[in-house]
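Undergrad: Dropping the structure in here first, questions after.
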Amino acid sequence: MEKEKFMLAVFLSVIFLSAIWGTNEVMAVEPIKIGFIHTLSGVYSGYGQDSLTAAQIAVAEINEEGGILGRQLKLIPRDDKVSPVVGLREANDLLLREKVDFLMGTVSSGVGLAISDLARTNKIIFINTTSQASEITADKGHRHVFRISTNTSAYGRSEALAAAKLPYKKYFSIHPNYAYGKSVSASFWEFIKKNHPEIKMVGEAWPALGTTDYTPFISQIMNSGAEAAISSLSGQDGITFSKGAKAFGFFEKIFFINQDMGALECIGPMGKDGPEGFIGGSHFPFYAINTPESKAFVEKFRKATGAWPGLGVTAYVSVKALAQAVKKAGTVDQDKIINILSGMEIKNTPVGDMIIQDFDHQATWPFWLGKVKYSEKYGFGILTNPEKFPAEKIYQSREEVIALRAAASK
Amino acid sequence: MSFGFLLSQFMSGLSLGMILLLITLGLSLVFGTLKIINFAHGSLYMLGAYVCYSIVRAFPETPSMFWVALILAPVVIALVGAAIEFFIFRSSGAYRLMHIYQLLLTYALVLMIGDLAKMIWGTSYNVIPKPDILSGGIHFLGITFPAYNIFLIWLTPIIFLCLWIGINRTRIGLLIRAITLDREIMEVMGINVSHIYTFVFIIGAWLAGLGGALMAPVVAISPGMDIAIIVECFMIIIIGGANSRMGTFLGAFLFGQFNAFGILIAPRLAVVFPFILMAIVLIARPWGLLGKPEQ
Numbered sequence: 001m002e003k004e005k006f007m008l009a010v011f012l013s014v015i016f017l018s019a020i021w022g023t024n025e026v027m028a029v030e031p032i033k034i035g036f037i038h039t040l041s042g043v044y045s046g047y048g049q050d051s052l053t054a055a056q057i058a059v060a061e062i063n064e065e066g067g068i069l070g071r072q073l074k075l076i077p078r079d080d081k082v083s084p085v086v087g088l089r090e091a092n093d094l095l096l097r098e099k100v101d102f103l104m105g106t107v108s109s110g111v112g113l114a115i116s117d118l119a120r121t122n123k124i125i126f127i128n129t130t131s132q133a134s135e136i137t138a139d140k141g142h143r144h145v146f147r148i149s150t151n152t153s154a155y156g157r158s159e160a161l162a163a164a165k166l167p168y169k170k171y172f173s174i175h176p177n178y179a180y181g182k183s184v185s186a187s188f189w190e191f192i193k194k195n196h197p198e199i200k201m202v203g204e205a206w207p208a209l210g211t212t213d214y215t216p217f218i219s220q221i222m223n224s225g226a227e228a229a230i231s232s233l234s235g236q237d238g239i240t241f242s243k244g245a246k247a248f249g250f251f252e253k254i255f256f257i258n259q260d261m262g263a264l265e266c267i268g269p270m271g272k273d274g275p276e277g278f279i280g281g282s283h284f285p286f287y288a289i290n291t292p293e294s295k296a297f298v299e300k301f302r303k304a305t306g307a308w309p310g311l312g313v314t315a316y317v318s319v320k321a322l323a324q325a326v327k328k329a330g331t332v333d334q335d336k337i338i339n340i341l342s343g344m345e346i347k348n349t350p351v352g353d354m355i356i357q358d359f360d361h362q363a364t365w366p367f368w369l370g371k372v373k374y375s376e377k378y379g380f381g382i383l384t385n386p387e388k389f390p391a392e393k394i395y396q397s398r399e400e401v402i403a404l405r406a407a408a409s410k
Numbered sequence: 001m002s003f004g005f006l007l008s009q010f011m012s013g014l015s016l017g018m019i020l021l022l023i024t025l026g027l028s029l030v031f032g033t034l035k036i037i038n039f040a041h042g043s044l045y046m047l048g049a050y051v052c053y054s055i056v057r058a059f060p061e062t063p064s065m066f067w068v069a070l071i072l073a074p075v076v077i078a079l080v081g082a083a084i085e086f087f088i089f090r091s092s093g094a095y096r097l098m099h100i101y102q103l104l105l106t107y108a109l110v111l112m113i114g115d116l117a118k119m120i121w122g123t124s125y126n127v128i129p130k131p132d133i134l135s136g137g138i139h140f141l142g143i144t145f146p147a148y149n150i151f152l153i154w155l156t157p158i159i160f161l162c163l164w165i166g167i168n169r170t171r172i173g174l175l176i177r178a179i180t181l182d183r184e185i186m187e188v189m190g191i192n193v194s195h196i197y198t199f200v201f202i203i204g205a206w207l208a209g210l211g212g213a214l215m216a217p218v219v220a221i222s223p224g225m226d227i228a229i230i231v232e233c234f235m236i237i238i239i240g241g242a243n244s245r246m247g248t249f250l251g252a253f254l255f256g257q258f259n260a261f262g263i264l265i266a267p268r269l270a271v272v273f274p275f276i277l278m279a280i281v282l283i284a285r286p287w288g289l290l291g292k293p294e295q
C-alpha cells in the first residue's frame, strides 16, 4: 500500500508541475483572441468561408509585423450554421471557455442580432463584418456593437435611387423571409414611398431561407404583370433562384434588381451560366477599383486561395481596424477601445477611406451597383460601369438613427 | 387570374411535388419494410448530388457527361447504402432497437456523412449547368415552362410505376411485401430476410442518389442540403401515410400544390405552409391520408 501511495504522489506531482510549467509558457505569450463566428456551412457558407480567409490574411499580416502590443493575434473560428441558437451557443463557449477578447462575425442577420445582444449583456466588443440588417446598428444598436461593412439601408436606398432612373413602374418584391430580407425590403419601399411614389408594388413573395425550388414563385412573378423585380435573395438562394428563373426566360422579361447577386460568392459559382442584364451590387468590385490597396489585397487573396475576393474583404478591414484601435488604446480594455473606434477614421482600405460613425458605429463603407455582364477574363459576371454610392446618400442619418432607437425602446 | 397563370402555378406545384416524391420514395420504402427511420436518407441524396457534380466537373469538355453521371451516381450511392446497411445496421442489430435509438444511429450517420462531404468537396456552393437539351423552356397551352422541370414531372411517375410493378408483380416484390407484414414468419419459412433487407435498403439509397443527381443542376450543391430535404421528406410521409406508396405520392402532390397556390393567397406565410398542411392531416387523420391506423 505504501508503495502505491508513493507512486501516486509522484505521478500527481509530475502532472501538477507540468501543468504549471505549461501555463507559465502560455502566460508569457498569451495571444489576443478574436472569437470569429461565421456561417461556414449551409445557405450562406460562401460568405462565411471568404470572410474567414480574408480575416486570416489580416491576422497573418499583423502577426508578421510583431502582433499588437507585443502579443500575437489569434482567430478562433466557429460555425453558426445560419442558426441564432447555434451561434449563441458557440459565442458563449468562446466567451466562457476560450475567454476571447473580442467577438467578430456573422453572416445571417438573425444570428447577428442574437450575438449583438449577447455582446451588450457581456460588455464585449462585437464587430459585425457581414450581417446587413440596418437594425443591428440603428434601432437595436448599442455601445458594444460595430459594423465595418455596408447595411440594408445602403442596399435599399441605392437600389431605390437606381430604380428611380429606370423606366419601370411596376415592381414585384421577393425577399427571404427573415430579418435581413425584411430589412432590405423595408428600406427600399420606405425610400420609394417617400421620394418616388410613382413606383408601385404589384405583388410580394416571402420564400423561406434555403428554399429548394423557386418555380412557384418565379411563375407567380411572371404572371403578376410586373415589369421589374426587387430582391435580396442571396448566396445559395440567389443561385437556386437564378437557375430556376433562367429556364423561364425570366431575365429577358423582367428587369431584376438584386444587390446580392453581384456578390462574388453568388455570381462566381454560376460562371458562364449565370444570369445577365440585371442590376447587381458589390462591396468590392475589385475589377473596377484601381487603387494600390485594392490590387494588393486582391493579390494576397488570390495567393491564399487561388480565387477572386468577394464580400470577405469586410473581415480583412475589420481585423485591421480593430488592431489599429487596440494599438492606439495601448490596452485591451473594452471601454478605451470603444472610445477610439467610435468616430475612428480607417484609411487606405481596399475600398478607400471610411469613418466609423460615432452615433451608430456603422462604418461609411461605400456601395456599388451596376448591370451584370459575363466577363471572359474572370469567368463570372461582373458589374459593368459600376456606380459608386457615397455614404451620405445611402446610410441613415444621425437624426434618423436617434428616432429609430427612441421608437425601439418604447 | 388567367388560365395561363393557374396552369403555370399548377405546373410549378406539380414539379415541386414530383421532385420531392422521387426523393421521398426511397425513405418511404425503407421505413415501410425495414421499419427504420433513416435520417441519413437526406445525406445519401446530398452525396448523389455531389457525386454527380464531381463526375460532370471531371470531364468539362463533354457536355453530355450529365447523362452518364445520372446513371453512375445513383449506383455509387447504392453501394454506399449497401455498406451502411451491412456494416452498420445489420451488425449493430439496429432493427431490433427501439425507434429512438434508430433515430440516434441514423442521425449520427447524418453528422458523419455531412462532415465527410465537407472534407471532400469543401463548404462553398457547387454548381453544374442543366444539360443543353433541357435548359430552355417549352411552350404549351399559352405558357412557357422550364423543360427540365417537365422532364422531372414525367420521369418521376415512370420510376414510381416501375417501383410499383417491382413490388406488386415480381417474386421479390412479393417477398418484400410479405416481410413488411410479418418478418418473423418469413424467417421461419426459411427466407433469407437479411438479404432482402439489404436489397430494399440498396433500392432506397439508389432512389436517394438518383434524386440528388437529378437535383444537381437545379440547386446550389452545398452542405446543409441534407438537412433541408429530410425535413420535407418526413413531412410528406406524415401527410401521406407511412406505409403506403400511393400515400407518399398523394402527400407529395398535395405538398406541391399547397405551396404553389398558398403563396398567391398569403405570401407572408410561405414558410409555414408545409407545417399547416401537416398539422391539418395530423389533426384530422393522424395516420396520414392513405395510412392505416396502427394498433
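So the sequence lines, in the order shown, correspond to chains A and B. Per my numbering, the first sequence starts with residue 1, numbered consecutively. Per my numbering, the second sequence starts with residue 1, numbered consecutively. Backbone N, C-alpha and C define an ideal beta-carbon position, used for all residues, glycine too.
#1: Within 10 angstroms of its Cβ, does Phe59 (chain B) collect 16 or more other Cβ (buried), or is it exposed?
#2: According to DSSP, simplified to helix, strand and coil, what is His195 (chain B)?
#3: So Met261 (chain A) and Val127 (chain B) are in contact, right, with Cβ under 8 Å, and what is the actual spacing, rounded?
#4: Excluding sequence positions up to five away, which residues of its chain have a Cβ less than 8 Å from the Cβ of Ala60 (chain A)?
#5: Only counting the same chain, and skipping five residues up and downstream in sequence, which positions put a Cβ closer than 8 Å to that of Asp333 (chain A)?
#6: Between which two residues does the beta strand (DSSP E) holding His38 (chain A) run?
#7: In the DSSP output, what is Gln362 (chain A) paired with across the bridge?
#8: Rounded to whole angstroms, what is the Cα-Cα separation between Pro274 (chain B) and Thr137 (chain A)?
#9: I want to know whether the segment 382-393 of chain A touches the segment 9-22 of chain B - three or more CB-CB distances under 8 Å.
#10: If Arg177 (chain B) and Ile167 (chain B) are in contact, beta carbons under 8 Å, what's the gap, nearest whole angstrom?
#11: Identify which residue in A:Ile338, A:Val372 and A:Leu369 has its Cα closest to the Cα of Ile356 (chain A).
#12: Below 9 Å between beta carbons: does that hold for Thr349 (chain A) and Val317 (chain A)?
#13: Per the contact definition of three or more C-beta pairs closer than 8 Å, is the segment 183-197 of chain A in contact with the segment 156-165 of chain A?
#14: Got a sec: which bits of the segment 147-175 of chain B sit with their beta carbon under 8 Å from any beta carbon on chain A, in order along the chain?
#15: Less than 9 Å between CB atoms is the rule here; does Ser41 (chain A) satisfy it with respect to chain B?
#16: Looking at the strands, I want to know which residues DSSP matches up with Lys170 (chain A).
#17: Is there a Cβ of chain B sitting closer than 9 Å to that of Thr23 (chain A), yes or no?
#18: What residues in its chain sit with their C-beta under 7 Å from that of Leu322 (chain A), if we drop five residues either side in the sequence?
#19: Within 10 Å of its beta-carbon, does Asp300 (chain B) have 16 or more other beta-carbons around it, so buried, or fewer, so exposed?
#20: Shorter than 9 Å from the beta carbon of Lys74 (chain A) to some beta carbon of chain B?
#21: On the DSSP letters alone, give me the boundaries of the alpha helix (DSSP H) that Arg78 (chain A) sits inside.
#22: DSSP has Ser231 (chain A) in a bridge; who is on the other side?
#23: So for Ile128 (chain B), helix, strand or coil by DSSP?
#24: If we count the other Cβ atoms within 10 Å of its Cβ and call it buried at 16 or more, is Ser28 (chain B) buried or exposed?
#25: Could you name the residues of chain B that Met270 (chain A) contacts, counting a contact when the two beta carbons are closer than 8 Å?
#26: Taking the straight line between their C-alpha atoms, what separation do you get for Ala315 (chain A) and Pro309 (chain A)?
#27: Within 8 Å, do at least three Cβ pairs link the segment 139-156 of chain B to the segment 284-304 of chain A?
#28: If you run the structure through DSSP and keep just helix, strand and coil, what is Met354 (chain A)?
#29: Taking 9 Å as the cut-off, decide whether the C-beta atoms of Ile37 (chain A) and Arg78 (chain A) are in contact.
#30: Do the CB positions of Thr248 (chain B) and Leu14 (chain B) come within less than 9 Å of each other?
#31: Nearest to Tyr297 (chain B) by alpha carbon, out of B:Thr198, B:Phe253, B:Leu289 and B:Val231?
#32: So, does the CB of Met215 (chain B) fall closer than 9 Å to a CB anywhere in chain A?
#33: Please classify Met278 (chain B) as buried or exposed, where buried requires at least 16 neighbouring CB atoms within 10 angstroms.
#34: Can you say whether Asn177 (chain A) is buried or exposed, counting buried as having 16 or more other CB atoms within 10 angstroms of its CB?
#35: Classify Val372 (chain A) as helix, strand or coil using the three-state DSSP reduction.
#36: Which of the residues in the segment 364-390 of chain A, read from start to end, lie with their CB under 8 Å from any CB of chain B?
TA: Put simply:
#1: If you number the second sequence from 1, residue 59 (chain B) lands on position 59. Taking every protein chain shown into account, the CB of Phe59 (chain B) has fewer than 16 other CB atoms within 10 angstroms, so this residue is exposed.
#2: Against the second sequence, residue 195 (chain B) aligns to sequence position 195. Looking at His195 (chain B) - three-state DSSP - the assignment turns out to be helix.
#3: Position 261 of the first sequence holds residue 261 (chain A). Position 127 of the second sequence holds residue 127 (chain B). Incorrect: roughly 13 Å between the Cβ atoms, too far for contact.
#4: In the first sequence, counting from the first residue as 1, residue 60 (chain A) sits at position 60. Correct list: empty, nothing qualifies.
#5: Locating residue 333 (chain A) in the first sequence gives position 333, counting from the first residue. Beyond the five residues adjoining it in sequence on each side, Asp333 (chain A) comes within less than 8 Å, by CB distance, of no other residue in the same chain.
#6: Looking up residue 38 (chain A) in the first sequence gives position 38. Per DSSP, the continuous beta strand (DSSP E) segment holding His38 (chain A) begins and ends at Ile32 to His38.
#7: Here residue 362 (chain A) corresponds to residue number 362 of the first sequence, with the count starting at 1. Gln362 (chain A) is bridged to A:Arg147.
#8: Taking the first residue of the second sequence as position 1, residue 274 (chain B) is located at position 274. Taking the first residue of the first sequence as position 1, residue 137 (chain A) is located at position 137. Roughly 34 Å between the two C-alpha positions.
#9: Flag = no, the segment 382-393 of chain A and the segment 9-22 of chain B do not touch.
#10: Along the second sequence, one-based indexing puts residue 177 (chain B) at 177. Along the second sequence, one-based indexing puts residue 167 (chain B) at 167. Their Cβ separation, rounded to whole angstroms, is 6 Å, which keeps Arg177 (chain B) and Ile167 (chain B) in contact under 8 Å.
#11: Taking the first sequence and counting its residues from 1, one reaches residue 356 (chain A) at position 356. Residue A:Ile338 is the option with its Cα nearest to Ile356 (chain A).
#12: Taking the first residue of the first sequence as position 1, residue 349 (chain A) is located at position 349. Taking the first residue of the first sequence as position 1, residue 317 (chain A) is located at position 317. Against a cut-off of 9 Å, the Cβ pair of Val317 (chain A) and Thr349 (chain A) comes out as a contact.
#13: Yes, the segment 156-165 of chain A touches the segment 183-197 of chain A.
#14: Of all residues in the segment 147-175 of chain B, those with a C-beta nearer than 8 Å to a C-beta of chain A are Ala147, Tyr148 and Asn149, reading in chain order.
#15: The sequence position of residue 41 (chain A) within the first sequence is 41, counting from 1. Taking 9 Å as the CB threshold, Ser41 (chain A) lines the interface with chain B.
#16: Here residue 170 (chain A) refers to the residue found at position 170 of the first sequence. Answer by DSSP bridge pairing, in chain order: A:Lys200.
#17: Residue numbering aside, residue 23 (chain A) sits at position 23 when the first sequence is read from its first letter. Summary for Thr23 (chain A): the model assigns pLDDT 49, below 50, so the residue's position carries little reliability; its value from the coordinates is reported in the next sentence. Using a CB distance cut-off of 9 Å, Thr23 (chain A) does not count as an interface residue toward chain B.
#18: Within the first sequence, residue 322 (chain A) is the residue found at index 322, counting from 1. Short of 7 Å from the beta carbon of Leu322 (chain A), and not among the five residues preceding or following it, lie these beta carbons of its own chain, in chain order: Phe102 and Ile127.
#19: This structure gives no information on residue 300 (chain B), because the portion of chain B shown stretches from 1 to 295.
#20: The count along the first sequence starts at 1 and reaches residue 74 (chain A) at position 74. The beta-carbon of Lys74 (chain A) is placed no less than 9 Å from the nearest beta-carbon of chain B.
#21: Walking along the first sequence from the start, residue 78 (chain A) turns up at place 78. The continuous stretches of alpha helix (DSSP H) do not include Arg78 (chain A), which lies in the beta strand (DSSP E) extending over residues Leu73 to Asp79.
#22: Residue numbering aside, residue 231 (chain A) sits at position 231 when the first sequence is read from its first letter. For Ser231 (chain A), which the question treats as bridged, DSSP gives the partners A:Ile174.
#23: Along the second sequence, read from residue 1 onward, the residue named residue 128 (chain B) stands at position 128. Here Ile128 (chain B) sits in coil by DSSP.
#24: Residue numbering aside, residue 28 (chain B) sits at position 28 when the second sequence is read from its first letter. Its Cβ being crowded by 16 or more others within 10 Å, Ser28 (chain B) is buried.
#25: Translated into the one-based positions of the first sequence, residue 270 (chain A) becomes position 270. By Cβ distance, chain B contributes Val127.
#26: Locating residue 315 (chain A) in the first sequence gives position 315, where the first residue counts as 1. Locating residue 309 (chain A) in the first sequence gives position 309, where the first residue counts as 1. Spanning the alpha carbons of Ala315 (chain A) and Pro309 (chain A) requires a straight line of approximately 11 Å.
#27: Result no; under three Cβ-Cβ pairs closer than 8 Å.
#28: To locate residue 354 (chain A), count along the first sequence from 1; it is residue 354. In the structure shown, Met354 (chain A) sits in a strand (DSSP, three-state: E or B).
#29: The residue given as residue 37 (chain A) occupies position 37 in the first sequence. The residue given as residue 78 (chain A) occupies position 78 in the first sequence. Yes. Within cutoff.
#30: Indexing the second sequence from 1 puts residue 248 (chain B) at position 248. Indexing the second sequence from 1 puts residue 14 (chain B) at position 14. Result no, Cβ atoms of Thr248 (chain B) and Leu14 (chain B) do not sit closer than 9 Å.
#31: Because chain B in this structure spans residues 1 to 295, residue 297 (chain B) falls outside the shown range and cannot be described.
#32: Mapped onto the second sequence, residue 215 (chain B) falls at position 215. Yes, because at least one Cβ of chain A sits closer than 9 Å to the Cβ of Met215 (chain B).
#33: For the purposes of this step, residue 278 (chain B) is taken as residue 278 along the second sequence, with counting starting at 1. Within 10 angstroms of the beta-carbon of Met278 (chain B) lie 16 or more other beta-carbons, which makes it buried.
#34: In the first sequence, residue 177 (chain A) corresponds to position 177, counting from 1. It counts as buried.
#35: Within the first sequence, residue 372 (chain A) is the residue found at index 372, counting from 1. Strand at Val372 (chain A).
#36: Cβ contacts with chain B: none found.
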